[in-house]
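Novice: Here it is, the structure in full.
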Amino acid sequence: MVFQSSLVPNAHIVTPKNQDNMLTIGKLFQAMGIAVIGIGFISSFPEIINWKPAISGLMLFTIGWCIERYIVK
């Protein structure tokens, strides 16, 4: 079942069937972001974390959070 918005023609909303899949994808992005940050922290432990893994992990986590916050709910 696809719902259409009255404001924007042909706009598709996440259906209940796809909602579980999108929630899983959002959680996977969040887990990957935390894992990248953790691995970057462990790989350069005595020094401060390198900025490349920190930024990429933060971006992955933010993408997952946005999917969960704005697309699924």
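For the sequence shown, our numbering gives the first residue as -13, with consecutive numbering after it.
Glycine included, every Cβ here is placed at the ideal spot set by N, Cα and C.
Source: prediction; values computed, not measured.
Hey, out of K59, V58, T10, G50, whose CA is closest to G19's CA?
Specialist: Position 33 of the sequence shown, counted from the start, is the residue given in the question as residue 19. The shortest Cα separation from G19 among K59, V58, T10, G50 belongs to G50.
Novice: Go ahead and pull the three-state DSSP assignment for I34.
Specialist: Locating residue 34 in the sequence shown gives position 48, counting from the first residue. In this structure, I34 counts as coil in the three-state DSSP scheme.
Novice: Any idea what DSSP makes of K59, helix, strand or coil?
Specialist: Locating residue 59 in the sequence shown gives position 73, counting from the first residue. Looking at K59 - three-state DSSP - the assignment turns out to be coil, as it is neither helix nor strand.
Novice: Can you tell me whether I60 is buried or exposed, with buried defined as 16 or more other CB within 10 angstroms of its CB?
Specialist: What is shown of the chain runs -13 to 59, which leaves residue 60 out entirely.
Novice: Check whether the Cβ atoms of K23 and P39 lie closer than 8 angstroms to each other.
Specialist: The residue given as residue 23 occupies position 37 in the sequence shown. The residue given as residue 39 occupies position 53 in the sequence shown. Looking at the sequence shown, residue 23 is not Lys but Ile. Cβ distance < 8 angstroms, so I23 and P39 count as in contact.
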